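Heads up, the thing below is written out as structure tokens.
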Amino acid sequence: LVSCVGWTTADELFSCSDDHQVMKWNPVSSEATRVLRLPEEVYPIDLHWFPRGTGGKKQSQADSFVLTSSDGKFHLISKLGRVEKSVEAHCGAVLAGRWNYEGTALVTAGEDGQVKIWSKSGMLRSTLAQQATPVYSVSWAPDSDKVLYTSGKQLIIKPLQPNAKIVQWKAHDGLILKTDWSSVNDLILSAGEDCRYKVWDSFGRVLYNSQPQEYPITSIAWALDGELFAVGSFNTLRLCDKTGWSYALEKPNTGSIFAISWSIDGTQLAGACGNGQVIFAHVLEQHWEWKNLEITLIKRRTMKVHNVTNDAVDLLEFRDRVIKASLSYGYLVVSTSLQCYVFSTKNWNTPLIFDLKEGTVSLILQAERHFLLVDGGGLYLYSYEGRLISSPKYPGMRTDILNAKTVSLSNDTLAVKDKADEKVIYIFEALSGKPLGDGKPLTHKTEIVEIALDQKGLTSERKVAFIDKNRDLFITSVKRFGKEQKIVKIGTMVQSLAWNDTSNILCGIQDSRFTVWYYPNTVYVDKDLLPKTLYEKDASEFSKSPQVVSFVGNQVTIRRADGSLVHLHISPYPAILHHYVSTSSWEDGLRLCRFVKDQTLWACLAAMAVANKDMTTAEIAYAAIGEIDKVQYINSIKDLPSKESRLAHMLLFSGNTQEAETLLLQSGLVYQAIQVNINLFNWERALDLAVKHRTHVDTVLAYRQKFLEDFGKKETNQRFLQYAEGVSV
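So for the sequence shown, the UniProt record's numbering puts the first residue at 1; every next one is plus one.
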């Protein structure tokens, strides 16, 4: 039987079997050569290649692998088949060996129930765990600071530093045979003798539990980008989405598949089979949709474009195999193993082609004006004409673990969630690749899970929405001029979110409701108005944990837990209103609201009018939703004599007292500034201003005295007593 397989490059695979041979395969030319013959008493069990250096740096050991064997040793073997070192590791067989992501440590697990950590030269560093039952599988955490290992039916996550908290839970009803932990999405896979495979998050909560299969699950493995995983069993190979549902099921005649290894580019996998064969499988028929176009990868180098409006079909041929693709904003961007193709959806015949440096692109993100390529070496921003615009960098950058939830791109801004400190979002100017503003990243109080930038509007008003670990949704402005911009919470228990591509409307799945925030900026204008600008719909029809796939025009696409897609349509009017407001057509906006007669739309218009300081419209809109107090206040603002005081009261209306006061003082309207503070009962501040500007101290004291008399209280504040002596009111 073949016991283990591992890819070196996208076109070279090594396999080991119980005939003591290590073979090298080239799946393209389908030739196999023998690299090494192991001694008769050595039966190989697990193989893992030394990781390619992060950031494209070749490491000295890069072309070697660790092979664990049944005689209790592990062997460090070079690519040419020379055994560099053999180390006595366990009593009984060494069942698993895994390098960490940096290649600085090796973990081995044995039949003797021990889990040991070794240096990269093969010296024992520590024994992490000891137990009575064999450890069949072991995986590193994404940060290489914890190790996941099996203990019978239990899964255990143990941090490397001593005395840290261990997470342990019963995962299966039978022995657990294989585990894998993805560095990109932080999810854990487990496969057991109870014929089930499961997906867990890193806290041990089950996200997917398969139906019992016919045979025990003998192997399971994540693709490198964390979007897919493969499951191997007796005569069975299955391809699944990261949320658990199956894309495809094959029944090859292989015996049990004991190990699965994905190639670096994620387009193919190899399996080690019980009947002595090595099985190769290619991932095909990926699907991209946008507006009226459907694109399918029908062969490894061919895409089919189907325009559903006129049933036209185009075939796109590529020189090398397709690795990643993205379709949005009227462009199809495809990366092959060596090149990047950019097609305009108006013309499929003349793509723009440029060469890639690193090769394995792990992520493509598109905005209206440009797109981002992420590979092992860095982040690269290209225009649709194929010009490299910028290549942003930040300290401790690890690009191999970025995914669509942790990077977001808009026309002028790029946001990246850091892995080293998960509370931090780095924000870059797209055109220069430099950090935005004063260069300080945005910091939140808890770990952030998902981020998204809005796509439209002025650069100065760019917003970023993010979900934190507690599933709360926050929104904040990207631009920070010195002052700390407030981060405002606008939703709770949010599973998934997406911004609209043509206007700043946000949608998300919140608890058991599907919610659309028609004008999220309301929180900065008039917080009480936010609930009135929402659209909510019961989301129980989407089953549990649905994900928003896209929000294009007024159509939202949602993927349910079973993999099916559901399309939802939302009202087109808010988007039209956004368009009117961006061109300052207030009359048209009013006409639209009067025509639709919808409270939600009026509330949006009211908030937009206040944000753009158009008081006439704001007054009409507030009257329409029956907020009489606000109408009165707006009327009183209109009657104020000077432009500055009108502006200041507008700021007060939105709750920005500090800015209003500053504005009044700058314009020399000291008395108004004092009066504002008196009206808000900020006595201390009112007195400070009066004393500082040597004016109206008596007025402040008079108001204070009246206030105290009304409530029948005595003056206790020392400063007021002190000034009251010197001033006769």
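Even for Gly, the Cβ is constructed at its ideal location relative to N, Cα and C.
For clarity, every value in this text was computed on a predicted model and none was experimentally measured.
Rounded separation between tryptophan 140 and isoleucine 401 - CA only: 14 Å
Are the Cβ atoms of valine 147 and valine 138 separated by less than 8 Å? yes
Taking serine 432 as part of the alpha helix (DSSP H), name the residues at either end of that continuous run. From DSSP, serine 432 is part of no alpha helix (DSSP H); its letter is neither H nor E.
Given a threshold of 16 other Cβ atoms within 10 Å of its Cβ, counted over all protein chains shown, does asparagine 679 qualify as buried or as exposed? exposed
Helix, strand or coil, according to DSSP, for glutamine 666 in the structure here? helix
Less than 6 Å between C-beta atoms, sequence neighbours within five positions excluded: which residues of the same chain meet that for cysteine 273? The answer, listed in chain order, is Val2, Thr254, Gly255, Ile257, Ile279.
If distances are taken between C-alpha atoms only, which option among Ile558, Lys346, Leu601 comes closest to isoleucine 576? Looking at the Cα atoms, Leu601 is the closest of the given residues.
Using only the alpha-carbon positions, how far apart do lysine 304 and tyrosine 331 sit? 15 Å
Looking at leucine 529: is its Cβ nearer than 8 Å to the Cβ of alanine 603? The answer is yes: Cβ separation under 8 Å.
From Pro216, Lys423, Val566, Asn349, pick the residue whose C-alpha is nearest to that of lysine 469; which is it? Lys423
Classify phenylalanine 318 as helix, strand or coil using the three-state DSSP reduction. coil
Among Glu659, Ser571, Ser564, Arg560, nearest to tyrosine 535 - alpha-carbon criterion: Ser571
What does the alpha-carbon distance come out to for the pair valine 449 and valine 610? 32 Å
My output table needs one value for histidine 75: the three-state DSSP class, helix, strand or coil. strand
Would you mind stating whether residue 744 and tyrosine 394 have Cβ atoms separated by less than 8 Å? Only positions 1 to 729 of the chain appear in the structure, and residue 744 is not among them; the question remains open.
Roughly how far, in whole angstroms, is the beta-carbon of glycine 457 from the beta-carbon of serine 582, given that I think they are within contact range, below 8 Å? 7 Å
Which of the three DSSP states is assigned to cysteine 195 in this structure? Reduced to three states, the DSSP call for cysteine 195 is coil.
Would you mind sorting aspartate 454 into buried or exposed? The rule is 16 or more other CB atoms within 10 Å of its CB. buried
Please specify which runs of the beta strand (DSSP E), each continuous and at least 3 residues long, are wholly inside the segment 252-309, giving them in chain order. Along the segment 252-309, the beta strand (DSSP E) occurs as fully enclosed runs of 3 or more residues at 257-262, 268-273, 278-282, 287-290, 293-299, 302-307, listed in sequence order.
Rounded C-alpha distance that separates arginine 98 from tryptophan 288: 35 Å
Along the chain, where does the beta strand (DSSP E) that runs through aspartate 538 open and close? 534-538
Classification of serine 390 by the beta-carbon crowding that lies within 10 angstroms, buried from 16 upward: Buried, since its Cβ has 16 or more Cβ neighbours within 10 Å.
Alpha carbons only, please: which of Leu38, Gly626, Glu619 is nearest the one belonging to isoleucine 637? Glu619
Could you spell out where the beta strand (DSSP E) holding residue 806 opens and where it closes? Since the displayed the chain opens at 1 and closes at 729, residue 806 lies outside it and no answer follows.
Could you say which of Gln599, Leu640, Pro641 lies nearest to alanine 621 if we only look at CA atoms? Gln599
Which value, in whole angstroms, describes the spacing of the CA atoms of glutamate 214 and tryptophan 7? 29 Å
As assigned by DSSP and simplified to three states, the class of tryptophan 245: coil
By the three-class DSSP mapping on this structure, what secondary structure does glutamine 555 have? In this structure, glutamine 555 counts as strand in the three-state DSSP scheme.
What span of residues does the alpha helix (DSSP H) with valine 577 cover, start to end? Note on identity: in this sequence residue 577 is leucine, with valine being the wrong assignment. Bounds of the alpha helix (DSSP H) holding leucine 577 are 573-582.
Please give me, in chain order, every unbroken run of the alpha helix (DSSP H) with length at least 4 that falls completely inside the segment 662-720. Scanning the segment 662-720 for uninterrupted alpha helix (DSSP H) segments of 4 residues or longer gives 670-679, 683-692, 697-710, listed from N- to C-terminal end.
At what residues does the alpha helix (DSSP H) containing alanine 624 begin and finish? 615-624
Are threonine 617 and leucine 590 touching if we call contact CB-CB under 8 Å? Inclusion of threonine 617 and leucine 590 in the CB contact set at 8 Å is warranted, their separation being smaller than that value.
Around the Cβ of serine 540, are there at least 16 other Cβ atoms within 10 angstroms (buried) or fewer (exposed)? Exposed, because fewer than 16 other Cβ atoms sit within 10 Å of the Cβ of serine 540.
Along the chain, which unbroken stretches of the beta strand (DSSP E) at least 3 residues long are found entirely within the segment 119-160? 124-130, 138-140, 146-151, 154-159
Let me make sure I understand the geometry here. Which of Glu684, Phe711, Gly712, Val167 has the alpha-carbon closest to that of leucine 701? Glu684
Cutoff 6 Å; reference threonine 33; Cβ partners in own chain excluding five residues on either side: Lys24
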